[in-house]
Structures are given as C-alpha cells and as structure tokens.
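Here's the structure we're looking at; comments come further down.
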Amino acid sequence: MGQAPYKTGPSVFLCHAGEDKDRFVEPLYKALVANGLKPDDIFYDKFSIQAGHDIKKSIESALASPNLQLVVTVLSRNLLCEHKYWPKREFELAQRYGLPIFPVWLGHDFGDFDTLVRKYSPTLKGIRALSVTCDSQTGIVEDKIIQDVADNIIKELPKTTKRSNAGFGVLALVAAIVVVIAVISQFITGCPIPNRPENGQVRFETRTHGSLATYTCTAGYDLAGLHMRECVNGQWTGSQPVCEKTVVLCPPVEGPANGAVQVSGRQTGDRARFTCAPGYEMKGTQSTLCQDGVWVGDKPTCEPKGKDVYYEINMELYEIPE
Numbered sequence: 001m002g003q004a005p006y007k008t009g010p011s012v013f014l015c016h017a018g019e020d021k022d023r024f025v026e027p028l029y030k031a032l033v034a035n036g037l038k039p040d041d042i043f044y045d046k047f048s049i050q051a052g053h054d055i056k057k058s059i060e061s062a063l064a065s066p067n068l069q070l071v072v073t074v075l076s077r078n079l080l081c082e083h084k085y086w087p088k089r090e091f092e093l094a095q096r097y098g099l100p101i102f103p104v105w106l107g108h109d110f111g112d113f114d115t116l117v118r119k120y121s122p123t124l125k126g127i128r129a130l131s132v133t134c135d136s137q138t139g140i141v142e143d144k145i146i147q148d149v150a151d152n153i154i155k156e157l158p159k160t161t162k163r164s165n166a167g168f169g170v171l172a173l174v175a176a177i178v179v180v181i182a183v184i185s186q187f188i189t190g191c192p193i194p195n196r197p198e199n200g201q202v203r204f205e206t207r208t209h210g211s212l213a214t215y216t217c218t219a220g221y222d223l224a225g226l227h228m229r230e231c232v233n234g235q236w237t238g239s240q241p242v243c244e245k246t247v248v249l250c251p252p253v254e255g256p257a258n259g260a261v262q263v264s265g266r267q268t269g270d271r272a273r274f275t276c277a278p279g280y281e282m283k284g285t286q287s288t289l290c291q292d293g294v295w296v297g298d299k300p301t302c303e304p305k306g307k308d309v310y311y312e313i314n315m316e317l318y319e320i321p322e
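Residues 1 to 322 in full-length UniProt numbering are what the sequence shown lists, from first letter to last.
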C-alpha cells in the first residue's frame with residue numbers, strides 16, 4: 001500500500017506589489033491552477049494567508065518550505081519605485097535560502113527598467129527576466145500573455161513538483177529537518193545590544209530572531225539611514241543609522257526691481273547680495289544674512305539716479321519737479 005502524500009508547503013511563491021494583484025498576479029495564479037498546479041502548491045498571499053494568521057510568520061514559513069521550487073518576482077514600477085516592504089523582505093529571504101528566482105518585468109514601457117531593477121537589486125538585474133507588456137491606458141494584460149507566463153513557470157518546475165500525487169521523499173524529509181534546525185538555531189541566537197546613535201534613541205523589546213529595533217532622533221536632528229532593523233541570524237540587518245543636524249533653509253529670495261541678487265546659499269551664515277542696474281542706485285542695505293531660516297534685514301530698492309536734485313538759487317533751495 002502506497003504512502004499517503006505529505007504536504008510540505010507551496011512549490012511556487014508569487015512575490016508582487018499589491019497594486020498588481022487584480023491586473024496580473026491573480027489571473028496568473030488562476031492560469032497556474034488551470035495548468036495543473038493545486039491551489040496549495042502556490043503561495044499567493046490573498047488566498048494563502050487566512051484571516052487572523054500572522055503575516056510575517058506565514059511568509060517566512062512558506063519561503064522556508066523544503067517543497068518550494070521557484071519564487072516568481074513580479075517587477076513593476078509599483079514595486080520598484082515605491083519601495084514596498086513585504087516584496088523586498090520576501091526577495092531577501094529567497095536569496096538567503098538560495099531559492100531560484102523567476103523575474104517578470106511588468107509594464108508598458110521598459111525603457112528605464114534596466115536602471116530601476118539594478119537600483120532595486122543588482123542580483124535581480126543579473127537574472128534573465130520575462131517581459132510582460134500591459135495596456136498603457138488600462139494596465140490590463142492579455143489572457144494569452146498571462147497563459148504564456150504560466151507555461152514558462154511550469155516548465156521551470158521539476159517534474160516531481162508537477163505531479164499532484166507526489167509523495168514526501170527522503171530528500172524532502174532531510175531538507176525539512178535541515179530547515180527546522182536552522183530556524184531553531186536562529187531563534188536561539190540573539191543579536192547584540194544595538195548602539196544608540198548620537199543625538200538619537202534606539203528602542204527594542206527583545207534581541208531574539210525576528211525582533212525589531214526602531215531608531216529616532218532628538219529634536220533638531222534628522223535620521224539618515226534605516227528607521228528599523230531586524231534581528232536575523234544573530235545580527236541586525238542593514239547599517240547603523242546616524243542622526244544629522246536638521247538643515248533649516250531660508251526661503252528663495254528675489255532681486256529688487258531694476259536690480260539683481262546673488263545668493264551664496266540658503267543655510268545659516270549664507271548671504272544674499274544685491275546690485276542695481278546701470279542708471280539706478282540702491283536704497284537700503286546691500287546684503288542680507290540667512291539666520292535660522294530667516295533673512296535678516298530688509299530687501300533694498302533700486303531707484304533712478306537724479307530723482308532728487310536740488311539747486312541753490314538766491315540762498316534758497318528749490319526742488320526741480322519730475
């Protein structure tokens with residue numbers, strides 16, 4: 001009598017931005033199911049994470065599954081330009097576990113995608129991607145194109161994954177044990193106490209695997225770097241952020257009528273120097289100083305030369321009318 005199938009987790013993981021669900025990711029999920037994959041073989045957060053379940057644990061569990069064969073990463077401007085947290089986190093975990101990545105470029109114009117993908121991840125830029133063109137007005141992807149993407153994904157999967165009655169083999173069992181040991185060791189290994197940035201604070205509840213450290217700065221300083229770091233494998237992810245003194249800028253300044261202005265900068269200590277056009281003379285100060293976001297001193301005016309000319313006639317002063 002044959003051994004009953006033992007489910008170890010999804011074989012395909014769909015990584016994407018939320019804005020791309022309706023127009024591409026969900027139709028792709030349905031196409032994969034139509035091609036023979038079971039719903040449980042595909043991790044699609046809308047259906048795979050049930051109400052009340054922990055999002056972080058559900059994602060990490062799926063990516064740590066020994067049955068997982070392929071991570072399909074849908075790269076659109078929604079994902080690349082808006083720095084979505086969960087897709088980035090999923091991609092980083094996939095890299096850590098050494099999972100095969102299947103990149104899909106989604107858009108209607110790929111002119112700047114090389115630059116966007118390279119900036120997002122040099123690793124992704126080095127993997128040949130499948131380009132999927134959507135309608136420039138509606139953003140909709142044709143059914144035939146979605147079916148072609150599903151066919152390509154199925155071809156990437158090992159034959160054992162495609163069989164709906166595939167058993168839980170010895171290799172899968174060994175892989176599961178290795179993953180369990182790795183996960184346990186990660187939870188046991190704690191991270192060191194994170195350093196407090198100068199002129200700032202760091203807050204954390206625990207230092208076990210998965211814990212978060214949050215950084216803030218005191219008034220008058222801005223945080224440069226990560227606002228949050230995670231404890232992973234005994235180390236805090238990313239680099240230590242720093243608190244930099246807040247730069248207060250003075251507003252842009254315009255030259256006077258019939259004159260001009262030269263500004264050395266708009267930070268404290270910078271000056272704006274005024275000049276008048278030929279035939280005009282300055283009334284007021286020649287420069288103002290930027291101090292704590294405010295220009296100190298009034299802006300001068302440029303008046304025509306010879307406006308007030310006096311002649312002395314018979315020991316009396318007369319003003320020549322304009």
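Yeah, the Cβ is synthetic: ideal placement off N, Cα and C, and Gly gets one too.
Just so you know, these numbers come straight off a predicted model, no measurement behind them.
In its own chain, which residues sit with a C-beta less than 7 Å from the C-beta of residue i, not counting the 5 before and 5 after it?
i: Thr275; result: Gly259, Ala260
i: Tyr29; result: Leu14, Ile42, Tyr44
i: Gly169; result: Note that Gly169 scores a pLDDT of 48, beneath 50, so its modelled location is shaky; the value from the coordinates is reported in the next line. Within the same chain, Gly169 has no close Cβ partners at all.
i: Gln147; result: Ala31
i: Ala94; result: Leu63, Val71, Ile101
i: Pro304; result: Gly279, Tyr280
i: Met282; result: Phe274, Cys276, Pro300, Cys302
i: Gln235; result: Cys191
i: Pro158; result: Gln69
Looking at the structure shown, is residue i part of a helix, part of a strand, or coil, going by DSSP?
i: Asp222; result: strand
i: Leu80; result: helix
i: Arg229; result: strand
i: Val132; result: strand
i: Thr216; result: strand
i: Asn117; result: Residue identity differs from the one stated: residue 117 is Val in this sequence, not Asn. It is helical.
i: Ser287; result: strand
i: Tyr44; result: coil
i: Ser164; result: Any reading at Ser164 must be qualified, since the residue scores a pLDDT of 40, below 50, and its modelled position is unreliable; the value itself is stated next. Coil.
i: Ala277; result: coil
i: Val25; result: helix
i: Glu19; result: helix
i: Val149; result: helix
i: Lys299; result: coil
i: Arg89; result: helix
i: Thr73; result: strand
i: Glu142; result: coil
i: Ile101; result: strand
i: Val33; result: helix
i: Gln95; result: helix
i: Leu124; result: helix
i: Pro304; result: strand
i: Ala51; result: coil
i: Leu63; result: helix
i: Glu205; result: coil
i: Glu244; result: strand
If residue i and residue j are in contact, beta carbons under 8 Å, what's the gap, nearest whole angstrom?
i: residue 378; j: Gly98; result: Since the first residue shown for the chain is 1 and the last is 322, residue 378 is missing from the structure and cannot be characterised.
i: Pro300; j: Gln286; result: 7 Å
i: Asp54; j: Pro10; result: Not really, about 17 Å apart at Cβ, beyond 8 Å.
i: Pro103; j: Leu116; result: Not confirmed; about 12 Å, so no contact.
i: Ile59; j: Glu90; result: 6 Å
i: Cys231; j: Gly210; result: 6 Å
With C-beta atoms as the reference, is residue i less than 8 Å away from residue j?
i: Val12; j: Val72; result: yes
i: Ala224; j: Val242; result: yes
i: Gln267; j: Leu249; result: yes
i: Ile105; j: Val149; result: Rather than Ile, the amino acid found at residue 105 in this sequence is Trp. No; because the gap between Cβ atoms is not below 8 Å, this pair is not in contact.
i: His16; j: Leu70; result: no
i: Pro194; j: Phe204; result: yes
i: Cys217; j: Asn233; result: no
i: Cys302; j: Pro256; result: yes
i: Lys245; j: Tyr280; result: no
i: Asp20; j: Ser76; result: yes
If I measure Cβ to Cβ from residue i and keep anything under 8 Å in the same chain, skipping five residues before and after, which residues do I get?
i: Ile154; result: Leu32, Asn35, Gly36, Leu37, Lys162
i: Ile140; result: Arg23, Cys134
i: Asp109; result: Ser136
i: Ser121; result: Phe91
i: residue 331; result: Here the chain comprises residues numbered 1 to 322, so residue 331 is not present and cannot be evaluated.
i: Cys81; result: Leu116
Keeping to the same chain, check which residues put their C-beta closer than 6 Å to that of residue i; ignore five residues upstream and five downstream.
i: Ser264; result: Asp270, Arg271
i: Phe113; result: Trp105
i: Thr214; result: Arg203, Met228
i: Gly293; result: Val248, Cys250
i: Arg118; result: Lys125
i: Gln201; result: Thr216
i: Pro27; result: Ile146
Would you say the beta carbon of residue i is closer than 7 Å to some non-hydrogen atom of the ligand ATP?
i: Ser11; result: As presented, the structure is devoid of all ligands, the ligand ATP included, so that no description of it is given.
Take every Cβ of the segment 42-50, pair it with every Cβ of the segment 126-143, and state whether three or more of those distances are shorter than 8 Å. Put simply, the segment 42-50 does not touch the segment 126-143. Fewer than three CB pairs are less than 8 Å apart.
Does the contact criterion of 3 or more C-beta pairs under 8 Å hold for the segment 87-103 versus the segment 55-74? yes
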